[in-house]
Amino acid sequence: EAGVAQSPRYKIIEKRQSVAFWCNPISGHATLYWYQQILGQGPKLLIQFQNNGVVDDSQLPKDRFSAERLKGVDSTLKIQPAKLEDSAVYLCASSLDGSSYEQYFGPGTRLTVT
Amino acid sequence: AQSVAQPEDQVNVAEGNPLTVKCTYSVSGNPYLFWYVQYPNRGLQFLLKYITGDNLVKGSYGFEAEFNKSQTSFHLKKPSALVSDSALYFCAVRDHTGFQKLVFGTGTRLLVSP
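Here the protein sequences line up with chains A and B, keeping their order.
The first sequence stops at residue 368 when you use the working numbering, and every number in between is there.
The second sequence stops at residue 124 when you use the working numbering, and every number in between is there.
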């Protein structure tokens, strides 16, 4: 079974630029999550999708962050414009559905904003 | 709000010795608790979970965790540490409010010396 795929693995941008991350969840998983992991902290949920609908984006900074999950499969997370404090690892995870206890994580995208 | 605390930034243990990584929780209602491990440049991997039932939960790679309701703890243990166990370990709790997202602790780095 293929795991959660993410790209790119690393990205370096200057502040005020834009960036996008891509995630392909495990086949058949209805729920997709984006987490932000700042160095020295645990992952923090940014947004949760159930199929192609958003169920929780309460911690997403909506003035600069956006995410979509077209057709209920792949997802993209965008930051525009980026700030220095956005430097972090962005993790994508998926689960069978929202009530599943186990989430499967991708390798993450390490973003550095200079 | 649900939360977990990992009081130790780092735990050092010699190979072959038992290891314990501590986690305490604060929840309303019954806790759903998890342990994840993160190896360098890789995503989080699920180790084990406590939902209900026996207080001693067995997981992957020989790890186990003991749920203690009176002490509100969920410590991760292994009888004999391996150098390959060196990694970052996260405790997490499922938030019963809203859409039941995972709330992670700040992580504990485990260093197993040969």
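Positions of the beta carbon are idealized from the N, C-alpha and C atoms, including for glycine.
These figures come from a predicted structure and were not determined experimentally.
Beta-carbon within less than 7 Å of residue i's beta-carbon, same chain only, minus the 5 sequence neighbours each way: which residues are those?
i, result
"A/Arg323", "Leu286, Phe303, Asn306 and Ser329"
"A/Ile266", "Thr366 and Thr368"
"B/Thr116", "Gln16"
Please identify the residue among the options whose C-alpha is closest to the C-alpha of residue i.
i, options, result
"B/Phe100", "B/Pro50, B/Tyr42, B/Leu54 and B/Asn22", "B/Leu54"
"B/Lys32", "B/Leu112, B/Val113 and B/Phe77", "B/Phe77"
"A/Glu356", "A/Gly362, A/Arg364, A/Gln295 and A/Ala347", "A/Ala347"
"A/Gln334", "A/Ser341, A/Leu345, A/Lys325 and A/Ser320", "A/Ser320"
"B/Tyr42", "B/Val113, B/Pro124, B/Leu120 and B/Ser94", "B/Val113"
"A/Ile301", "A/Val273, A/Asp317, A/Arg263 and A/Leu331", "A/Leu331"
"A/Thr363", "A/Ala256, A/Trp276 and A/Asp351", "A/Trp276"
Who are the neighbours of residue i on chain D, taking C-beta pairs under 9 Å?
i, result
"A/Glu356", "The question asks about chain D, but that chain is absent: this structure's protein chains are A and B."
Counting only the same chain and skipping the five closest in sequence on each side, list residues whose C-beta sits under 6 Å from that of residue i.
i, result
"B/Lys88", "Leu29, Gly72 and Phe73"
"B/Val23", "Leu29, Ala91 and Val122"
"A/Asp311", "Ile301"
"B/Gln110", "Arg104"
Who does residue i pair with in a DSSP beta bridge?
i, result
"B/Glu25", "None; B/Glu25 has no bridge partner."
"A/Gln260", "A/Cys277"
With 9 Å as the C-beta to C-beta threshold (strictly closer), list the residues of the segment 37-62 of chain B near chain A in chain order. Tyr42, Phe44, Tyr46, Gln48, Asn51, Arg52, Gly53, Leu54, Gln55, Phe56, Lys59 and Ile61
Meets three-Cβ-pair contact criterion under 8 Å: the segment 30-48 of chain B and the segment 79-93 of chain B: yes
Selection of the segment 109-120 of chain B by Cβ proximity to chain A, strictly under 9 Å: Closer than 9 Å at the C-beta level to chain A, one finds these residues of the segment 109-120 of chain B: Phe109, Gln110, Lys111, Leu112, Val113, Phe114, Gly115, Thr116 and Gly117.
Decide if the segment 18-25 of chain B is in contact with the segment 61-69 of chain B; the criterion is three or more beta carbon pairs, one per stretch, under 8 Å apart. They do not touch, by the three-pair rule.
Between the segment 305-322 of chain A and chain B, which residues of the former have CB atoms less than 8 Å from a CB of the latter, in chain order? In summary, the residues of the segment 305-322 of chain A whose CB is separated from some CB of chain B by less than 8 Å are Val309, Asp310 and Ser312, in the order they occur in the chain.
Closer than 8 Å between beta carbons: that is the criterion. Which residues of the segment 94-105 of chain B meet it against chain A? Phe100, Ala102 and Arg104
What residues from the segment 283-306 of chain A come within 9 Å of chain B, judged by C-beta to C-beta, listed N to C? Tyr287, Tyr289, Gln291, Gly294, Gln295, Gly296, Pro297, Lys298, Leu299, Gln302 and Gln304
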